[in-house]
Every structure is written in C-alpha cells, then in structure tokens.
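Position in the sequence shown (first residue = 1) + 813 = this note's numbering.
Single-structure report; data block below.
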Amino acid sequence: ANYTEFAKKYGHPRGISRNRDHTILKYTGKSGLTPLSPGVYSESLPSPREIRRRRGAQRLRDYQRSILTGFTTDELNRMESLPATDTREKKQRLSGIPIHPLLAQKQWLQESELPKHQGNIYTWGDMMGAWNAHNPVVWRLLKPILELVTLILTYSADNEW
814 ANYTEFAKKY GHPRGISRNR DHTILKYTGK SGLTPLSPGV YSESLPSPRE IRRRRGAQRL
874 RDYQRSILTG FTTDELNRME SLPATDTREK KQRLSGIPIH PLLAQKQWLQ ESELPKHQGN
934 IYTWGDMMGA WNAHNPVVWR LLKPILELVT LILTYSADNE W
C-alpha cells in the first residue's frame, strides 16, 4: 500500500480497536491525521462527484474530531499545536541549567565498568560508537532531557500535581 508520511510515522489503523471505528481509513494508506483543507466551494450547484467528495471529507473531519478530542488536525495545525506539521527550527532554552549531580555524566557507567554479560549497544548508521553517556553524540542528545529532568526534580515540591 502507498502510505502517507503521517501513516508511515503514526500508523494506519483499520477496523475497530479500542472502541474506535477506523473503517473510514480502510484501504486508504492514511493515518487519519493528515490535515484536510476546508475545501473551495462555489455558488454553483455541485456535481454528484463533488457532493461525494465533500461528504467523504466531512466524515474524515468527524473521525478526526472523535480521535482528537473535538479538533481536526487542520484546526490544531492552525493553532500551531500539531508538532508533526511544524517545520520551524526549535530553539532549545534549557542550556545553562546545571544537571542534577545524580544525573551528571560521571555517574553513568563506562564500557569498562559494565559486567561482561552487559555490554554496550552500538549505534548504527551515521552515528558511530557505543550508546552510552560518554559518547559525545549520545550525550548531546541526553543533555536537554537531563536538564528537563533536573527542573522537574528541583521544582516538583512547588507543583500541586
């Protein structure tokens, strides 16, 4: 099947699962999350084909509202609340936050410290080396996560969650 980019990323549900009817997506190769344009309507009487297209689009919008708590993906996209369609460069604003001492890089095991039956997992593709905190590529990915965890640990007592 020819899957849309959204279907490749989020899956292509079919049939009924978790009390949701996904049959509208059957044989479409779609995820049901692709934003639909509102459509262009003219004053003239639409053809039977156009009426079917509009009804199908409306059923898909209704499906999206049922799975997205009352919103369509187009509405979420216009509110800039749909990360998958946001192509803007994200600026990371966590830099400069000292990482909690328990999460510091020196606390993470190096390959030489691992038991013989627990070796590192090695990365594939363009990233060379072991998947551990001492690999600079991995550390660059872990650092913002650990900074966020530090904020959560530090200020969790102040939140009433």
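For each residue, glycine too, the CB sits at the ideal point set by N, CA and C.
In the assembly as shown, residue 846 is a buried residue. Its beta-carbon has 16 or more other beta-carbons within 10 Å. Rounded to the nearest whole angstrom, the CA to CA distance from residue 827 to residue 819 is 15 Å. DSSP places residue 870 inside the alpha helix (DSSP H), whose first and last residues are 861 to 880. CA-to-CA, the gap between residue 844 and residue 824 works out to about 6 Å.
Per DSSP, residue 886 is one residue of the alpha helix (DSSP H) stretching across 886 to 891. Residue 882 and residue 925 have their C-alpha atoms spaced approximately 50 Å apart.
DSSP places residue 818 in the uninterrupted alpha helix (DSSP H) bounded by 818 to 823. About 15 Å separates the beta carbon of residue 935 from that of residue 946, a gap too long to meet the 8 Å contact definition.
In this structure residue 963 is in contact with residue 916, their Cβ atoms being roughly 7 Å apart against a cut-off of 8 Å. Remark: three or more beta-carbon pairs, one from each stretch, lie closer than 8 Å, so the segment 954 to 969 and the segment 905 to 912 are flagged as touching.
Residue 829 has 834 as its beta-bridge partners, per DSSP. With fewer than 16 neighbouring CB atoms inside 10 Å of its own CB, residue 967 falls in the exposed class. The three-state reading of DSSP puts residue 935 in strand, counting E and B together.
Ranked by Cα distance from residue 866, the options 880, 849, 877 are led by 849. Here the C-alpha atom of residue 896 lies approximately 26 Å from the C-alpha atom of residue 832.
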